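Comments concern the structure below.
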Amino acid sequence: MGSRRIDGRSHPRDRHPHAEQYLRGDVDASDVHQHAVERIDQALEHIKAAGLQNVLALRGDPPHGQDKFVAAEGGFSCALDLVKHIRAKYGDYFGITVAGYPEAHPDAISGPDGATPEEYQKDLEYLKSKMDAGADLIVTQLFYDVDIFLKFVADCRAMGVRAPIIPGIMPITTYGGFKRMTAFCKTKVPQSILDALEPIKDNEEAVRAYGIHQGTEMCRRILDSGISTLHMYTLNQDKTTLAILKNLGLIEAANIPRSLPWRPATNLVRCTEDVRPIYWSLRPKSYLARTAAWTKFPSGRLGPAEALSYSDLPDKHRAFLKRKSRAAALARDWAVPIASTEDVKQLFTRFVSGEVSSFPWSEAVEATLSPDSAPISAQLQELNAAGLLTVNSQPAVNGAKSDDAVLGWGGPGGYIYQKAYVECFAPHDKVTALLEKAKATPSISLMAVSLSGHVLATGPGTPASTTPFSANAVTWGVFPGREVVQPTVADFTSFLAWKDEAFGAWLQDWATLYKEDDEGTPMAKKLLQEIHDTYYLVSVVDNDYVNGDIFALFAGI
Numbered sequence: 002m003g004s005r006r007i008d009g010r011s012h013p014r015d016r017h018p019h020a021e022q023y024l025r026g027d028v029d030a031s032d033v034h035q036h037a038v039e040r041i042d043q044a045l046e047h048i049k050a051a052g053l054q055n056v057l058a059l060r061g062d063p064p065h066g067q068d069k070f071v072a073a074e075g076g077f078s079c080a081l082d083l084v085k086h087i088r089a090k091y092g093d094y095f096g097i098t099v100a101g102y103p104e105a106h107p108d109a110i111s112g113p114d115g116a117t118p119e120e121y122q123k124d125l126e127y128l129k130s131k132m133d134a135g136a137d138l139i140v141t142q143l144f145y146d147v148d149i150f151l152k153f154v155a156d157c158r159a160m161g162v163r164a165p166i167i168p169g170i171m172p173i174t175t176y177g178g179f180k181r182m183t184a185f186c187k188t189k190v191p192q193s194i195l196d197a198l199e200p201i202k203d204n205e206e207a208v209r210a211y212g213i214h215q216g217t218e219m220c221r222r223i224l225d226s227g228i229s230t231l232h233m234y235t236l237n238q239d240k241t242t243l244a245i246l247k248n249l250g251l252i253e254a255a256n257i258p259r260s261l262p263w264r265p266a267t268n269l270v271r272c273t274e275d276v277r278p279i280y281w282s283l284r285p286k287s288y289l290a291r292t293a294a295w296t297k298f299p300s301g302r303l304g305p306a307e308a309l310s311y312s313d314l315p316d317k318h319r320a321f322l323k324r325k326s327r328a329a330a331l332a333r334d335w336a337v338p339i340a341s342t343e344d345v346k347q348l349f350t351r352f353v354s355g356e357v358s359s360f361p362w363s364e365a366v367e368a369t370l371s372p373d374s375a376p377i378s379a380q381l382q383e384l385n386a387a388g389l390l391t392v393n394s395q396p397a398v399n400g401a402k403s404d405d406a407v408l409g410w411g412g413p414g415g416y417i418y419q420k421a422y423v424e425c426f427a428p429h430d431k432v433t434a435l436l437e438k439a440k441a442t443p444s445i446s447l448m449a450v451s452l453s454g455h456v457l458a459t460g461p462g463t464p465a466s467t468t469p470f471s472a473n474a475v476t477w478g479v480f481p482g483r484e485v486v487q488p489t490v491a492d493f494t495s496f497l498a499w500k501d502e503a504f505g506a507w508l509q510d511w512a513t514l515y516k517e518d519d520e521g522t523p524m525a526k527k528l529l530q531e532i533h534d535t536y537y538l539v540s541v542v543d544n545d546y547v548n549g550d551i552f553a554l555f556a557g558i
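Numbering-wise (this note's numbering), the sequence shown opens with residue 2 and increments by one.
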């Protein structure tokens with residue numbers, strides 16, 4: 002990467018590794034229109050106690066439903082007041098970032114031609130006053146015309162502003178979101194971008210691909226101009242940003258560090274969470290939605306079963322699962338004629354072999370077998386061909402280095418361990434055969450449940466265990482100077498909570514793909530309904546991660 006950086010955390014005051022944090026409303030130091038001075042001080046003390054040393058000081062937008070900003074009684078009227086207050090009370094403890102507007106603040110823009118020269122100059126002078134009051138860094142409002150940004154930088158330098166100016170880049174991920182954001186911010190959009198988007202605006206995949214291309218070319222020109230830092234507005238759409246950064250050569254996929262094998266949440270309430278059940282591996286947002294009401298999140302261990310209260314899937318998330326791009330991908334791969342379970346087996350086999358790039362049990366638009374399961378793809382294909390329809394899996398791992406490109410997580414100098422895991426749907430006769438073989442294999446933990454809730458189980462950590470059953474760690478890491486980290490577990494309570502969602506995918510995510518007027522629809526829906534009603538969901542863990550062979554259990558079933 003050389004001297005080029007991809008965030009705004011380069012100022013000498015950045016003495017804490019977490020220079021930027023998203024905080025909940027009661028500790029948001031930038032939202033000055035909602036808090037009087039004493040609330041601001043409480044927020045600043047809160048983030049100081051948390052070890053945070055960078056503050057983004059913004060006036061904030063008017064409250065919802067209001068057109069103009071009105072200062073709260075006893076509060077600040079502008080970001081300049083906030084900068085002055087922080088410097089007066091805390092000296093140099095905080096690094097202060099402020100906003101810059103390459104096209105002037107939206108309040109100064111009244112027509113399609115943008116701000117007048119006078120309003121633009123006035124906005125520059127206000128930015129200069131924020132810097133003179135003690136701000137250290139400027140992050141700009143989004144823009145799509147690089148010439149406008151470069152002129153803004155030159156104008157700032159001409160006024161004596163010497164602080165770093167970080168361009169704010171918002172990649173185009175959806176057409177609707179792009180139009181809403183540019184309208185709200187009154188952003189000028191080059192005609193070439195509008196012309197490119199118009200014929201593809203209803204094709205989400207094409208818009209996303211164009212956004213990656215346009216973002217790459219835009220950032221490349223900015224970097225080539227001598228700007229060494231980019232601030233990416235991801236809006237939780239990090240894949241587009243990562244694709245742009247990869248195209249620019251700023252990162253390599255194999256070198257993106259992971260603190261945990263799953264992506265941690267960004268809000269403060271969940272920041273200590275480091276344990277999750279394995280069942281939602283392909284539906285992490287669903288897990289977040291179903292645990293959103295929790296006030297404490299698992300740290301170090303999953304916690305007692307009675308504390309695990311999962312909510313039903315919210316309507317908002319059900320709508321997310323039904324979004325057009327995912328529905329189109331699933332329809333392409335799964336809305337095909339099926340007349341027997343042999344056809345269903347073939348579809349599952351095609352997914353684990355990589356021939357199909359979507360999956361009803363994954364919430365992603367494009368879904369493939371996870372990279373760590375690639376070495377067991379052949380065995381998974383055999384299972385699916387035999388009628389054991391797999392929806393989740395991981396291989397056994399015995400001491401992989403924590404910097405491994407596929408398996409690594411948790412930081413340098415550590416070692417990663419995994420127990421082999423397979424989750425599948427299977428008919429009752431195959432489940433009973435599996436159960437008998439599992440009883441003869443002491444290292445196997447097996448749990449199976451029908452749609453109606455009938456449970457079959459054997460082995461350690463299951464309801465059949467002679468000792469009180471608890472969470473079974475299936476992934477863990479050992480690191481220098483730290484306790485053992487166990488971020489992924491299998492447990493009976495969570496398995497039952499996952500059960501209804503997993504069964505629901507047969508009908509809500511697959512059967513609904515078929516068009517009512519298609520000749521094969523009645524047969525397909527009847528078959529999927531039958532599987533939904535009669536099969537069991539099976540979870541199998543091989544606790545012997547050194548010499549075990551989980552697939553030997555399935556042989557001949």
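For every residue, glycine included, the Cβ atom is placed at its ideal position computed from N, Cα and C.
Predicted model only: the values in this text are computed from it and were never measured.
R60 sits buried, since 16 or more C-beta atoms from the chains shown fall within 10 Å of its C-beta. By the neighbour-count criterion, in which a residue is buried when 16 or more other Cβ atoms sit within 10 angstroms of its Cβ, L195 is exposed.
Nearest to F504 by alpha-carbon distance, out of R271, T489 and S363, is S363.
DSSP lists Q395 and V542 as the bridge partner or partners of Y422. Between the alpha carbons of S312 and I377 lies a distance of about 34 Å. Judged by DSSP secondary structure, V490 falls within the beta strand (DSSP E) whose first and last residues are V486 to A491. It is roughly 41 Å from the alpha-carbon of P523 to the alpha-carbon of R181. Scanning its chain for C-beta atoms nearer than 7 Å, with the 5 sequence neighbours on each side dropped, one finds around P285 the residues W263 and R264, in chain order. DSSP lists G169 as the bridge partner or partners of H232. Secondary-structure assignment with DSSP links R351 through no beta bridge to anything.
For the beta strand (DSSP E) assignment, the uninterrupted runs of no fewer than 3 residues enclosed by the region 87-153 are, from N- to C-terminal side, 96-101 and 138-143.
Per DSSP, the continuous alpha helix (DSSP H) segment holding I532 begins and ends at T522 to T535. According to the DSSP assignment, I551 belongs to the alpha helix (DSSP H) that extends over I551 to F555. Beta-bridge partners assigned by DSSP to N473: A491.
The way I'd put it, the region 166-180 doesn't touch the region 125-136; fewer than three beta-carbon pairs between them come closer than 8 Å. Taking C-alpha positions only, W335 is separated from D344 by approximately 11 Å. When rounded, the separation of the alpha-carbon atoms in P200 and E520 is 33 Å. The beta carbons of K346 and N393 sit no closer together than 8 Å. Excluding the 5 residues flanking it on each side, Y416 has same chain C-beta neighbours closer than 6 Å at G400 and V479, in chain order.
D404 has its alpha-carbon roughly 8 Å from the corresponding atom of G414. Per the C-alpha coordinates, the member of T292, T273, C272 and R271 positioned closest to W281 is T292.
For T442, the CB contacts under 7 Å within the same chain, skipping 5 residues up- and downstream, are L554 in chain order. In the structure shown, L390 adopts extended strand secondary structure according to DSSP, grouped into three states. Short of 7 Å from the beta carbon of Q122, and not among the five residues preceding or following it, lies no beta carbon of its own chain.
It is roughly 50 Å from the alpha-carbon of R209 to the alpha-carbon of E437. A Cβ-Cβ separation of about 12 Å leaves A164 out of contact with A134 under the 8 Å criterion. About 13 Å separates the beta carbons of P172 and I223, which is beyond the 8 Å limit, so they are not a contact pair. Rounded to whole angstroms, K187 and R88 show a C-alpha spacing of 32 Å.
The straight-line gap separating the alpha-carbon atoms of A406 and A439 is approximately 33 Å.
Distance from the CA of T273 to the CA of D501, rounded to the nearest whole angstrom, comes to 28 Å. Annotation note: the region 283-370 contains the following uninterrupted alpha helix (DSSP H) runs of length 4 or greater, listed N- to C-terminal: 285-291, 316-322, 325-335 and 342-354. Judged by beta-carbon spacing, Y422 lies within the 8 Å limit of A491, meaning their Cβ atoms are closer than that value. Nearest in C-alpha terms to A506, of all of P461, Y418, T174 and L538, is L538. The alpha carbon of A328 has as its nearest neighbour, out of H429, W499, L514 and T391, the alpha carbon of L514. Take P299, set aside five residues on each side of it, and the residues of its chain with a beta-carbon closer than 8 Å to its own are E274, D275, V276 and R277, in chain order.
Distance from the Cα of F360 is smallest, within the candidate group Q380, L381, E383 and A332, for A332.
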